[in-house]
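Remarks on the structure that follows.
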Amino acid sequence: MNNVDPEQIERTSSPILSLGFSPCPNDTFIFDALVHGRVSCGYTFRERLEDVETLNRMALSATLDVSKVSYHLLGHIMDDYLLLRSGGALGRGCGPLLVAREKLDPGSIAGKKIALPGRYTTAALLLRLFNPSLSEFVYLPFDRIMAAVADGSVAAGVIIHESRFTYQGYGLEKILDLGQWWEEETGHPIPLGGIAARRDLGRETLLALERAIAESVDLAFKNPALARPYIRAHSQEMSDEVCDAHIGLYVNDFSRGLGEEGEAAVRLLLGCAEAAGIIPPLREPLLA
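Quick note: the sequence shown, position 73, residue 73 per the UniProt record's numbering, numbers continuous.
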C-alpha cells in the first residue's frame, strides 16, 4: 500500500475557499505557504492569479471569497466584503509614478490623454485626488502603459508594480511620485492594495484567515527559498534582482498586520475618496 500523507488528506478534505491575488512577486511571496498547505486555518484554497484590475472587477461581482483588491475598489464593495488586516501592500516610498517622455510640469498634462492601470486602482484614485480636473483617461493593462507613453499614444501614464524599476529603459521620465505626494500631504504611508474577504464567511473565519495570512508572510520571510519556485513560476521574464526588489518594496511589517498606523492610513484614504465623491458613503464596518 502506498504511504499516504495525513496532512494531505486533511487539506483535500477541508472546505475550499476561492482566493484571488496577482502573479506579482509580492503576492506570490505572501501567499505561497498558505496555498501550499504550510499554513493551516481549516480551509483549502483554490487560487486565482489575475492582474489587479481583473481582481477588482471580480470583486465587484463578489466572485471570490477572498481577494487582493485595490484600496480604491474596496470603497465600492463594502456591502459584501471587509478588509483583512494582513496580506496587503502599504508602505512608504512605494507609490505609483506618473511618467512621460520628457520632464514636464504635472499641471501641464490637463486635457491630455493619461494612461491608468485600471479604473478602480489606487493609482487612479491618487491621480484624481492630486488633480480633480484631470479627465482624459485611457485604461490599459499595467504592463502596456510604458510602451503607450513611449510611442506617443498617450501624453503620460501612471505606472505600478515592477514598472517602477524598468521605466527608464523605455526612455521615460518620472514627473510625479504619487506616493511621495500622499506622504507629504498627509504624513501617512500609502495604502495600495489590501485583502478583502466576504462578510458572510463569519467573524471567526475572517479572523482565522487574518492569522493564517500573517503566518504565511512570516514563513516566507524566515525561509524565502521555499517561496522562490512559486514566485519564479509566475514572474514571467523578471530577473531575480527585479523580483527581490519588488518584494522588498511591497512586503513589510504592514503585510503582517496593519496596526494602528496602517489602519489610520486606510481610513484616511477612503475618507478622502468619499469626500471627493469618488466612492460611495461607507456604511459597513471596515474590519472584522
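Just so you know, even glycine gets a beta-carbon here, dropped at the ideal spot from N, CA and C.
Can you tell me which of the three DSSP states residue i falls into?
i, result
"R228", "helix"
"T44", "strand"
"V242", "helix"
"G194", "strand"
"S108", "helix"
"I9", "Here the model assigns I9 a pLDDT of 42, short of 50, so the residue's position is not dependable, and the following value carries that caveat. DSSP places I9 in helix when its eight states are reduced to three."
"E184", "helix"
"E237", "coil"
"I279", "coil"
"S153", "coil"
"D200", "helix"
"I247", "helix"
"V39", "coil"
"L134", "coil"
Going by DSSP, what residue range makes up the alpha helix (DSSP H) through residue i?
i, result
"Y120", "Unbroken run through Y120: none, as it is neither H nor E."
"I30", "P25 to V35"
"L83", "Run containing L83: none in the alpha helix (DSSP H); it sits in the beta strand (DSSP E), Y81 to G91."
"I145", "I145 to A150"
"S216", "R203 to K222"
"L74", "Y71 to L74"
"V52", "V52 to L60"
"T166", "S163 to T166"
"D253", "D253 to R256"
Between the alpha carbons of residue i and residue j, how many angstroms are there, rounded?
i, j, result
"E173", "V149", "10 Å"
"A273", "L282", "10 Å"
"P189", "L84", "18 Å"
"A275", "R92", "24 Å"
"P6", "Y230", "Reliability of the predicted coordinates at P6 is poor, the pLDDT of 45 falling under 50, and no value is obtained from them."
"S14", "V35", "13 Å"
"G20", "W182", "27 Å"
"P23", "L49", "6 Å"
"P132", "Y43", "43 Å"
"T122", "A100", "19 Å"
"R128", "D51", "21 Å"
"L207", "I213", "10 Å"
"G107", "S18", "43 Å"
"A233", "E53", "21 Å"
"Q168", "A147", "11 Å"
"L201", "V154", "43 Å"
Please report the Cβ distance between residue i and residue j, rounded to the nearest whole angstrom; I am assuming they are in contact, meaning their Cβ atoms lie under 8 Å.
i, j, result
"G33", "A220", "It is worth fixing the name first, because residue 33 is Ala in this sequence and not Gly. Their Cβ separation, rounded to whole angstroms, is 6 Å, which keeps A33 and A220 in contact under 8 Å."
"L73", "Y120", "4 Å"
"I30", "A196", "15 Å between Cβ atoms; not a contact."
"D80", "R198", "6 Å"
"L116", "A124", "5 Å"
"E235", "G87", "It should be pointed out that residue 235 corresponds to Ser in this sequence rather than to Glu. Actually they are not in contact, since the Cβ atoms of S235 and G87 sit about 19 Å apart, beyond 8 Å."
"G118", "Y139", "6 Å"
"L268", "T186", "6 Å"
Using 10 angstroms around the beta-carbon of residue i, count the other beta-carbons present and answer buried if the total reaches 16, otherwise exposed.
i, result
"P191", "buried"
"P96", "buried"
"K222", "exposed"
"D65", "buried"
"P25", "buried"
"A227", "buried"
Determine, using beta carbons only, whether residue i comes closer than 8 Å to chain D.
i, result
"I231", "Absent from the structure is chain D; it holds one protein chain and no more."
Can you give me the start and stop residues for the beta strand (DSSP E) that residue i sits inside?
i, result
"G20", "I16 to F21"
"A100", "L97 to A100"
"A157", "For the record, residue 157 in the displayed sequence is Gly; it is not Ala. From DSSP, the beta strand (DSSP E) with G157 extends over A156 to I159."
"residue 290", "Any answer about residue 290 is impossible in this case: the structure gives the chain only from 1 up to 288."
"F137", "F137 to Y139"
What I want to know is whether the C-beta of residue i ends up closer than 7 Å to one or more non-hydrogen atoms of the ligand NAD.
i, result
"V242", "With respect to small molecules bound, the structure shown includes none, and the ligand NAD cannot be examined in it."
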